[in-house]
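Single-structure report; data block below.
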C-alpha cells in the first residue's frame, strides 16, 4: 500500500530553527554525509543545554567548511587550515563561548596540522569535529593526508603510496582529552559522542568518517554514498578504549570506531590561572575574559 | 572615550621602541595578544607577556605567524582589542589572514618591526623594505591603513593611533616600524588615561534578530557585533552580501569589494596625517617616514645653511598614501627627495603622484644601517638645481 | 522458535525469540511521517535504514528530478526517528501519533 506523504508547509522540520533556512537547500551532493553530520550536531547542541547565543562554530575551507554557513549560531567561515587558531582566539578572548571547529580532514590535518597539534598540546577548551572523507573533495578529489594506501585520487592517479595519518593516534599523542571516531551512519552514537565532546572541558576531537560520492567514491568506483554507508554498516568494528596506535584505516578494510580517549587534563586557561595564582599569590585575579 | 587606566603606565619612561609599542597597545585597551617571536619585534611580545597577567589580558605565543594572525581575528570577533607583532618573514606569513581580516572587516593591529630583507635577510638590523608589501602584500583588491613611527615616543602614540583607525574604519591597521626605532631607547612620556583619546568599537546596539553584519552605515562602515552577542551572525572570507552569506557573482563582488576599498579611499584626506615643515615656498621637499625622517633632519639643515629652500614632509600615515598632497606640491616644487632604507618603494608612489611635474629623487639604502645625512644632502642639492 | 506477537506492529525485519514478559504493558509508539518532498535528493538513506521497512522510493519525481521516499506502510512507523537523523537534506521527520487508547 502506498500513500503520498504529507508535505510540511504547516509543520516545520524540527531542525529548521537551528538552520539558516534562507540558505537551504545546501550545496552538498546527494548521498554526502555532511547533512547527516549537521543533524547530529544540532541534536547534540539541543542536548547539552548551552544557550545557543554562546555557541560559535568555526570552519575552514572545503566541503565541510561550508557547515558554518548553514548553522544558525555565530559562525565563521575562515581561511584554509586556520579554523583552530581562529577558534583559539575566540575562546581565549571570551572563555564563556562554546567554540566548535567543524572542518574537514585536509583542512585540519594537512594545512592545519600544526595548529591541530598545538591546540591539543595546550588543551584549549574547544571541540573539533573532523569530518574525514579521505579526500580533498571540493577542489576535485586530490589526495589527502588521510587517503588510504592504494586509493585513487586526482593527484595520485595511479593509487596513493603515502601512508596516511591516523587522526585518533595523532590527537592522542598531542594530549587531546576526548577522542572518538564514528561514521555518518552511526548517527545516534555520533550524537552522544558530540554531546560528550561539547560538555568535556579541554580539547576534544570527534572524527566522523563520511561518505563522499562525487569524489572519493566515484574515483575509486565504490558506488554512491549509500554504498559507502553500506560498507560502513558491514565493516565497522566498535571498540571503545582501543589502542590509538591500532586505528589505521586501509582501503576498503574494516574501520575501528568508538570512544578511544576520555581523560582529564587542566585546560589552557585553568593551567594559566593556577600557575599565575602560585606565582603572584593573592594579587592575581584569575583570567575570565578580555572583554568587558 | 578615554583609556582604561589599568593598562596605562602614566609617567616619564626611558624605553625602546618595542617596549613603547607594547605600552601603546596596553594603553589603547589591547587585552588579547597572539604572536610569534621574531627578531627584532620579540621584545614587544615579551613585554606584553609580562604585563598582561596583572592587567587582565591574555597573551598566547602561538605556533607560528599564521596562527597568530588567525587568533587575533578570532579575539577581535569575541569583542577584545587584539594585536600582534612581527617582522618581514612573519609579515609574509600573515598575508593570507590579513586578507581575511580585511574581508571580514575586523579591527586589529599588526606591528611590523622591519628588518633587512628579503628572506631571512638581516634580522638584527633596520630596513624599510616592507612598505609596498604592507599595501599590496595580500592577494586581491583592498585598502588598509598603515602608520610609521620614527621614535619610541611615536611608537607609543602611533600604536594607539592605529588602534583608533582600525576601530573607526573596521580594518586591520599596520604599524610599520623598523629595527632602529624598535631598539632605540629614548624618553617616552605616557599621559594620564583621561588624556588618551580612544575610538570605541562601532558596536551594534539594535535588536539582535534584525542585525545585518555587512549593512553599511552612512560612512560605508557596517556596525560590528561580537560572538556571543545574540546576533547569530555568519561571516566568511568569501565574497558576501549584507547578511554575511557568500554570493558568487560579479554584482556581489562589485558591491562587497568596492565598498571595502571606498570606505578608506574616499576618506583618505581624513585619514592622512602628515608633519610638514617649511613646505610652502620650498624648491625641494624631502618626503620621508620612519627612521629615515630623522636622518633627513641634519641633511635638511645642511642644505638650508647653503640657502636651499628645503621643506620636510614627514608621513605619519603611510597608507593611504598622501596622493592629493603630493600631486598639489608637485606643481610648486622642483623636486621631491625620498630617503628610504630600500631600493625604491614609497618613492614610486611619490613619482606616480608627481606626474612628472617635479623630479623624484630616491636616496636608496640596501638596509642594515641608516642613511648618511650627507647622501640625503647631496640629493637635495641635486634637486634644487 | 521465533514467534509472531499479535499485538506488535507488522514488520518484515524483526522476529521475537519469545514473547517479551512485559509485552502487554509496553506501549509501542506510532509515528507520523512528514516528508518535505522537494528537499529530497534521492539518497535512499531513509529507505535503506528504516528498521520497520516503512518507506519506499516513489515512482514519480520531485521538483529537482529525484525519486523521493513514500510511506509504504503507515502503521509500521514507531517514531524511532532514524530517518530524521540520517537524512542529509533535512527532508524527513517523524512526530508521535496521538493514540486513541490501548496498545499496538
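Residue numbers (the working numbering), protein chains in the order written: chain A, -10 to 281; chain B, -3 to 381; chain C, 6 to 109.
By construction, the Cβ of each residue, glycine as well, lies at the ideal position given by its N, Cα and C atoms.
This structure is a prediction, so every number in the text was calculated from the model and none was measured.
At a CB-CB cut-off below 9 Å, which residues of chain A make contact with residue i?
i	result
residue 96/B	67, 68, 71, 75
residue 332/B	Those do not exist, as residue 332/B stays about 39 Å from chain A at its closest Cβ, beyond 9 Å.
Under the rule that 16 or more other beta-carbon atoms within 10 Å means buried, what is residue i, buried or exposed?
i	result
residue 263/A	exposed
residue 18/B	buried
residue 252/A	exposed
residue 280/B	buried
residue -1/B	buried
residue 351/B	exposed
residue 122/A	buried
residue -9/A	Low confidence applies here, because residue -9/A scores a pLDDT of 36, under 50, leaving its location unreliable and the question unanswered by this model.
residue 27/C	exposed
residue 234/A	exposed
State the start and end residues of the unbroken beta strand (DSSP E) segment that holds residue i.
i	result
residue 170/A	167 to 172
residue 382/B	The requested residue 382/B is not part of the displayed model; chain B covers only -3 to 381.
residue 315/B	313 to 315
residue 355/B	355 to 359
residue 119/B	118 to 122
residue 101/C	97 to 101
Helix, strand or coil: how does DSSP classify residue i here?
i	result
residue 119/A	strand
residue 49/C	coil
residue 332/B	strand
residue 280/A	coil
residue 75/B	coil
residue 29/B	strand
residue 132/B	helix
residue 254/B	helix
residue 280/B	strand
residue 249/A	strand
residue 79/A	helix
residue 128/A	coil
residue 206/A	helix
residue 11/B	strand
residue 291/B	helix
residue 139/B	coil
residue 107/A	helix
residue 99/A	helix
CA-CA distance, residue i and residue j?
i	j	result
residue 182/A	residue 247/A	9 Å
residue 15/B	residue 82/A	23 Å
residue 293/A	residue 26/A	With chain A represented from -10 up to 281, any question about residue 293/A goes unanswered, as that position is not in the structure.
residue 274/A	residue 266/A	8 Å
residue 154/A	residue 175/B	42 Å
residue 232/A	residue 21/C	37 Å
residue 93/A	residue 150/A	21 Å
residue 56/B	residue 47/B	13 Å
List, in order along the chain, the chain C residues whose C-beta lies closer than 7 Å to that of residue i?
i	result
residue 218/A	50
Going along chain A in order, which residues have a C-beta closer than 8 Å to the C-beta of residue i?
i	result
residue 69/B	67, 75, 78
residue 135/B	Those within 8 Å of residue 135/B in chain A number zero; the least Cβ separation is about 11 Å.
residue 44/C	13, 14
Looking at the secondary structure, which residues open and close the alpha helix (DSSP H) in which residue i lies?
i	result
residue 88/A	Counting along the chain, residue 88/A falls outside any alpha helix (DSSP H), though it belongs to the beta strand (DSSP E) covering 87 to 93.
residue 244/B	That residue, residue 244/B, is in no alpha helix (DSSP H); it is neither H nor E in DSSP.
residue 149/B	148 to 165
residue 99/B	91 to 100
residue 39/C	First-last for residue 39/C: 36 to 40, but that is the beta strand (DSSP E), not the alpha helix (DSSP H).
residue 48/B	38 to 51
List the residues of chain B that residue i touches, going by C-beta distances under 7 Å, in chain order.
i	result
residue 175/A	What residue 175/A touches in chain B: nothing, since even the nearest Cβ is about 29 Å away.
Is residue i near the ligand GDP, judged by its Cβ being under 8 Å from some heavy atom?
i	result
residue 327/B	The ligand GDP is absent from the structure shown, which contains no ligands of any kind.
Determine the chain C residues that contact residue i at a beta-carbon separation under 8 Å, and present them in chain order.
i	result
residue 198/A	The contacting residues do not exist; residue 198/A stays about 15 Å from chain C at best.
residue 0/A	39, 100
residue 17/A	93
At 7 Å on the CB atoms, spell out the chain A contacts of residue i, in chain order.
i	result
residue 5/B	In chain order: nothing, as chain A lies at least about 17 Å away.
residue 323/B	By Cβ distance, chain A contributes nothing, its closest Cβ being about 37 Å from residue 323/B, past 7 Å.
residue 234/B	66
residue 47/C	19
Could you list which residues in chain B have their beta carbon closer than 8 Å to that of residue i, in chain order?
i	result
residue 9/A	230, 241
residue 112/A	Within chain B, no residue comes near residue 112/A; the closest Cβ sits about 13 Å away, beyond 8 Å.
residue 265/A	49
Given that residue i touches chain C, what residues does it touch there, using C-beta distances under 9 Å?
i	result
residue 28/A	89, 90, 91, 92, 93, 95
residue 4/A	89, 95, 98
residue 25/A	50, 90, 91, 92, 93
Anything in chain B within Cβ reach of residue i, meaning under 9 Å, just list it in chain order.
i	result
residue 95/A	Ordered by position in chain B, no residue passes the 9 Å Cβ test against residue 95/A, which lies about 16 Å from the chain.
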